[in-house]
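So the structure is just underneath, and the comments pick up after that.
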Amino acid sequence: MTEVKTGDTVRIHYTGTLEDGATFDSSEGRDPLEFTVGSGQIIPGLDQAIPGMTVGDKKKVEVPADQAYGPKDPNAMQPVPRKDIPDNIPLDIGTQLQVQTPQGQTLQVTVAEVGEEQVVLDANHPLAGKDLTFDIELVEIA
């Protein structure tokens with residue numbers, strides 16, 4: 000059997016779960032995820048688990064936060080005056096919004112705090128600071 004090595008293009012099925020067992024993403028019902036091993040297309044902790052696998056292999060991979068989406072960055076928490084946010088924008092904690100930076104870049108943020116005078120928007124990746132677990136199956140080596 001051929002083993003995966005860095006530089007190979009592979010296809011995997013996966014289910015990603017959080018520490019409490021909640022699923023945050025899965026390829027179930029979709030095409031397998033295709034990527035080139037070692038190219039930086041997926042999180043490092045998962046990428047490093049693929050070499051040595053053969054087609055049909057299944058494994059559980061524990062990925063610590065620093066090998067996934069990194070730690071939460073306190074500098075990514077941005078207070079915004081509440082008066083600067085249009086009234087039609089929902090401001091429930093956990094709501095995801097898109098904002099535009101002064102440079103014109105679109106950024107995904109999450110409403111983290113809502114106060115009388117300001118709203119704190121969190122630009123961290125939603126999975127930053129979280130340890131992740133993946134159940135993976137190698138479907139194909141292209």
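Residue 28 in numbering that gives the first Met the number 0 sits at position 29 of the sequence shown; the count goes up by one each step and never skips.
Glycine included, every Cβ here is placed at the ideal spot set by N, Cα and C.
Nearest neighbour of residue i, chosen from the options [CA to CA]
i	options	result
Asp46	Tyr13, Gly28, Ile84 and Arg29	Tyr13
Gly114	Lys82, Leu96, Thr132 and His124	Lys82
Thr132	Val60, Gln102, Ile11 and Thr5	Val60
Lys134	Thr5, Asp7, Ser25 and Thr1	Per the sequence shown, residue 134 should be read as Asp rather than Lys. The option with the nearest alpha carbon to Asp134 is Ser25.
Pro78	Val119, Met52 and Val54	Val119
Val62	Ala141, Pro85 and Asp130	Asp130
6 Å Cβ shell around residue i - same chain, five flanking residues per side excluded
i	result
Ala122	Ala75, Leu106 and Val108
Thr35	Thr8
Gly55	none
For residue i, the three-state DSSP class (helix, strand or coil)
i	result
Asp134	strand
Lys82	helix
Asp46	helix
Gln66	helix
Ala111	strand
Close-in-space but distant-in-sequence residues of the same chain around residue i (CB under 8 Å, 5 per side omitted)
i	result
Thr94	Thr109 and Val110
Local Cβ density within 10 Å of residue i, reported as buried at 16 or more and exposed below that
i	result
Ala48	buried
Contact test: residue i Cβ vs the ligand ZN heavy atom, cutoff 7 Å
i	result
Thr109	Absence of the ligand ZN from the depicted structure is noted, as is the absence of any ligand whatsoever, leaving it without description.
Open item on the list: Does the structure place the segment 71-85 close enough to the segment 7-26 that three or more beta carbon pairs sit under 8 Å?
Closed with: no
- [ ] Would you be able to state if there are at least three C-beta pairs under 8 Å between the segment 0-16 and the segment 25-33?
- [x] yes
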